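For the sequence shown, the working numbering begins at 1007 and goes up steadily by one.
Quick reminder that beta carbons are idealized off the backbone N, C-alpha and C, glycines included.
From a predicted model like this one, the values you see are computed outputs, not experimental measurements.
Report on one structure; see the data block that follows.
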Amino acid sequence: MKLIVIGGVAGGASAAARARRLDESAEIILFERGKYISFANCGLPYHVGKVIQNRDSLMVMTPEKFLNRTNINVRVEQEVTAINRDRKTVSVRNLTDGSEYEESYDKVIISTGSSPVTPPVSGVDDKDIFRLWTIPDMDKIVEKISTGAKRALVVGAGFIGLEIAENLRMRDLEVTVVELMPQVLPTLDQEMSVPLRYELEKHGVNVILGQKVTAFSRDTTSGQLAAALDNGAELFADFVIMSVGVRPNSELAKAAGLELNARGGIVVDEKLRTSDENIYAVGDVIQVKDPILGGDTMIPLAGPANRQGRIAAENACGRDSSYKGTLGTSVVKVGDMTAASTGWTERRLKQAEHEYQKVYLHPSSNASYYPGCGPLNIKMLFDKSGNILGAQVVGNKGVDKRIDVFSTAIQGGQNVYDLEELELAYAPPYGSAKDPVNFAGMVAANILREDTTPVYCDAIPENAMLLDIREPAETELGVIEDAKIIPIGKLRERLNELPKDRLIVTYCKVGLRGYLAERILKQHGFNAANLIGGVATWKLFHPERPDVNPGTGQTCCAYSDKPVTSVLPDDIKPVKDIDVSPMQCPGPVVRLKQELEDMENGQVLKLKANASFQTDLESWTAATGNTVLSIVPDGATIQALIRKGTGSSPIQVVGGAAAANNGATIVLFSNDLDKAMAAFILASGLATTGAKVTMFFTFWGLSVLRKENPPTVSKDILSRMFGWMLPNGARKLALSKMNMLGIGTEMMKHVMNKKNVASLPELIVNAKKLGIKFVACDMAMDVMGLTQPELIDEIDEIAGVARFAALTREGGNTIFI
Ligand code: FAD
């Protein structure tokens, strides 16, 4: 048997080697048009970043070694230019001397791979626009950096774009990534990619999303290379790397009359045989079966190419092997994070209009008490029978293990109920007794068994009431707009505050306590559901900085403003050193708050925490008047220095006697919208200067504190009349002038919204964040027949005139509105 293999890297080299192992007597010729065979193309970005120092280690096999070991006739720099099926020969051009010849065959295996797509934009053939596909491509980039290049632009935020961006940063280049889609790594669903974008920014990569490069040009005076974007911005760089996708190298197959699909992929059967029974094809160039939903797809990955090469060789040598299809299981390193996926994404399922359900989870990578654990963001898609359709995992640790379990489960035909039962290796440094994959199965099975009613962050029912059941220290970090807060420990005693005629969507940080609260409510007759994935998933759908794209005429967008450094400054002497990394939510923030309590303003605390705590740490310190001086990422953990709030900070963390006369009391007597707003704006302004501010609500001013949907409270007729007369909360207040039966008020709200002026409910939330104290006047409440359950939870005190007098003495300033 004479076997010709075309293409000498992943699929081709595997096929040739397997064929030799099966048939010692076969004549095997491997043609490769490049200089190298079997090189590690997946390692190319890492040599650019000097992670792989030695260039030679990328040459997994040389032609000489291959010949010695396998007795395969390797012909590099020889391009197959035609497959002549009529006479069973291939035409070959020797690229070193231009000579041409024909070689006969019994069987052919095509593994010609794919090539990077070059978008048709002007200037794309500039000498400093590179691609990263082969060893020579890599050499050109390395050489460009060695000539002193400082700024690189990467076009495309897929696997290769992200890998090269990270590695260019490791060479200290200024790196900008531009991506057409509104997300990085489009193999994930958009929300799952959010942590990766932050991770890139944390490592100093500028990320510009939702923009396409429309042209490249050279600046006429400076000669600099410029890329024009859709939005009119221009990005200057010393060189550009294009990584916007691949297309199959199927010209040979097409010219030979083999069947291709619409995207140019070679059509093969499960034996990997093309439409010619003597010709097989493998790797990036072929169309494969989707083992989950059937149908055809194309997935350019090294693992499938290698396995297909082996199968095609077996069939060419007379065995009977079948290829079952490609799930697309993939993994990529992005800074200190890893992102992985297998099977279908939600985006594809929606496009295919295929029924699906989903779960989000944020479990710990391993036992939360073991140092160095980090949260995983897991999304799993499944159908109503429990079949797993796909999974995505993003996190700092243990991502690869979990995605491989999901992938294996899918391939083994297991469903979500099987995931609940999977026996997986466990010891504290590696996992949890209930592994995150078990958890994914349990949450999905709970939905299918109707133990829980799922509500998703991207589809909260219109009239639903959001109920935040986290601890007070957690809710200080912010709550979802309009959510009511009742910590889970108080839920049973405060059921009377909840409506029975509305859907109540409970939520916590990751979804677990939300589920417990949902179960409590349901068993007390409430219509309750759980927000799947809790605040952690909510944040994926509502990123804090949704758009950092530059406007026009900028060279790049802003770097992350986080105080990330590589070492902690040694001139600052912390008075405390705590490690909250083994703690489960809300442990870290509660411990931090407690530790700061007995420290003096200005003193510094050193904190070790899981990397995932960084965002919470920054929000919490900002909201409580403390300062993060420095953060050092260290794999799955961070080390941070935090200075306790000083006089110049908005609010103290806790206690501490306020300086006399450094405060104000604002008495709100009115329930006119404009006056109430003025009161809150003044109060907030004072609070940001470090003043201790109290708002004292009396008579009509109490309307601001009324709940929109107060619980039913039994009252006498006069009190009920007052209730009808008073507006039900901040949203219902009207203007003092020009109300015009409410038209004026609505017009004012519209104008304020247009001009980005905060609404009264927003001002109330902000006031709480600034630490402004709300005191409701008990005498006025009594007169007007108002009771505490009818007022919002944000009230700090119900007090009388004595308390008001004390506040005035303490603060020194009183404003009456
Ligand atoms: P290739 O390995 O590309 O081999 C095709 C070969 O055929 C080429 O060398 C080409 O020169 C040769 N050829 C083409 N036409 C002819 C002809 N007419 N005559 C002779 N020779 C010809 N995949 C992963 O799964 N994980 C990763 O981390 C990963 N990282 C990657 C990083 C980079 C920078 C690149 C470029 C790819 C990466 N991939 C990764 C993708 C993976 O390398 C490919 O999916 C895999 O190599 C495809 O194998 P193949 O045999 O189909 O094609």
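Output the distance between the C-alpha atoms of residue i and residue j, rounded to the nearest integer angstrom.
i	j	result
GLN1600	ILE1644	20 Å
THR1414	LYS1407	11 Å
ILE1147	ARG1177	12 Å
MET1731	ALA1689	27 Å
GLY1324	GLY1392	39 Å
ASP1244	ALA1158	6 Å
LEU1766	THR1512	25 Å
ALA1346	GLN1398	6 Å
VAL1789	ALA1782	13 Å
LEU1504	THR1633	38 Å
GLY1631	LEU1307	49 Å
GLU1320	LEU1009	12 Å
ILE1089	TYR1436	52 Å
GLY1013	THR1118	5 Å
LYS1056	VAL1340	16 Å
ARG1354	THR1087	37 Å
MET1746	VAL1400	54 Å
ALA1318	ILE1078	17 Å
GLY1593	ALA1479	9 Å
ILE1285	ALA1322	8 Å
GLU1070	ASP1464	57 Å
VAL1771	PHE1703	16 Å
ALA1535	GLY1748	35 Å
Pull up the CB-CB distance for residue i and residue j, whole angstroms please, since I reckon it's below 8 Å.
i	j	result
GLY1517	ILE1494	Wrong, their Cβ atoms sit about 13 Å apart, outside the cutoff.
LEU1194	LYS1218	Rounded, the Cβ-Cβ distance is 20 Å, inconsistent with contact.
LEU1206	ALA1239	18 Å between Cβ atoms; not a contact.
ILE1384	PRO1442	6 Å
PRO1460	LEU1509	12 Å between Cβ atoms; not a contact.
LEU1395	LEU1382	In fact, because the Cβ distance is near 19 Å, the residues do not count as touching under 8 Å.
PRO1192	MET1343	Actually they do not touch by this definition, with Cβ atoms about 17 Å apart.
ASP1132	LEU1231	6 Å
Looking only at its chain, what residues have a beta carbon closer than 6 Å to the beta carbon of residue i, apart from the 5 residues adjacent to it on each side?
i	result
ASN1312	ALA1016, SER1020
THR1814	THR1671, THR1820
TYR1375	PRO1588
LYS1779	THR1700, ASP1802
GLN1196	GLN1189
Residues in the same chain with beta-carbon distance under 7 Å from residue i, minus the five sequence neighbours each way, listed in chain order, please.
i	result
GLU1361	ASP1389, LYS1390
GLU1426	ASN1444, GLY1447, MET1448, ALA1451
LEU1724	GLY1791
PRO1122	ARG1137, TRP1139, MET1248, SER1249, VAL1252
GLN1620	ILE1637, ILE1644
MET1065	TYR1042, PHE1045
ARG1597	ILE1584, VAL1586, MET1589
Excluding the 5 residues preceding and the 5 following residue i in the sequence, name in chain order all residues of the same chain whose CB lies nearer than 8 Å to its CB.
i	result
ILE1272	ILE1116, PRO1254, SER1256, ALA1259, LEU1264, GLU1265, LEU1266, THR1280, ALA1287, VAL1291, ILE1292, GLN1293
Using only the heavy atoms of the ligand FAD, determine whether one of them is closer than 6 Å to the beta carbon of residue i.
i	result
GLY1349	no
ASN1047	yes
ILE1012	yes
PRO1142	no
TRP1626	no
PRO1306	yes
ALA1311	yes
THR1153	no
ASN1855	Limits of the chain in this structure are 1007 at one end and 1823 at the other, which puts residue 1855 out of reach.
ALA1016	yes
SER1249	no
LYS1044	It is Ser, not Lys, that sits at residue 1044 in the sequence shown. No.
GLY1162	no
GLY1531	no
VAL1183	no
ILE1166	yes
Are the C-beta atoms of residue i and some chain D residue less than 7 Å apart?
i	result
PHE1242	Absent from the structure is chain D; it holds one protein chain and no more.
Item checked: Entirely enclosed alpha helix (DSSP H) segments - the segment 1741-1810, minimum 4 residues -> Unbroken alpha helix (DSSP H) runs of no fewer than 4 residues, entirely contained in the segment 1741-1810, are found at 1749-1760, 1766-1775, 1784-1790, following chain order.
Item checked: Minimum length 3: unbroken beta strand (DSSP E) runs contained in the segment 1684-1725 -> Taken in chain order, the complete beta strand (DSSP E) segments of 3 residues or longer contained in the segment 1684-1725 are 1698-1703.
Item checked: beta strand (DSSP E) segments (min. 3 residues) lying fully within the segment 1233-1299 -> For the segment 1233-1299, the continuous beta strand (DSSP E) assignments of 3+ residues that do not extend past its boundaries occur at 1240-1243, 1245-1248, 1252-1254, 1285-1287, in sequence order.
Item checked: 4 or more residues per run - each alpha helix (DSSP H) lying fully within the segment 1126-1169 -> Runs found: 1141-1152.
Next item on the list: Mind listing, in chain order, the continuous alpha helix (DSSP H) runs of no fewer than 4 residues lying wholly within the segment 1037-1104?
Entry: Taken in chain order, the complete alpha helix (DSSP H) segments of 4 residues or longer contained in the segment 1037-1104 are 1050-1054, 1069-1076.
Checklist line | Complete runs of the beta strand (DSSP E) confined to the segment 1480-1521 [at least 3 residues] | finding: Fully enclosed beta strand (DSSP E) runs of 3 or longer: 1510-1513.
Next item on the list: Only counting runs of 3 or more residues, tell me where the beta strand (DSSP E) segments fall wholly within the segment 1365-1390, in order along the chain.
Entry: For the segment 1365-1390, whole beta strand (DSSP E) runs of length 3 or above, ordered along the chain, are 1382-1388.
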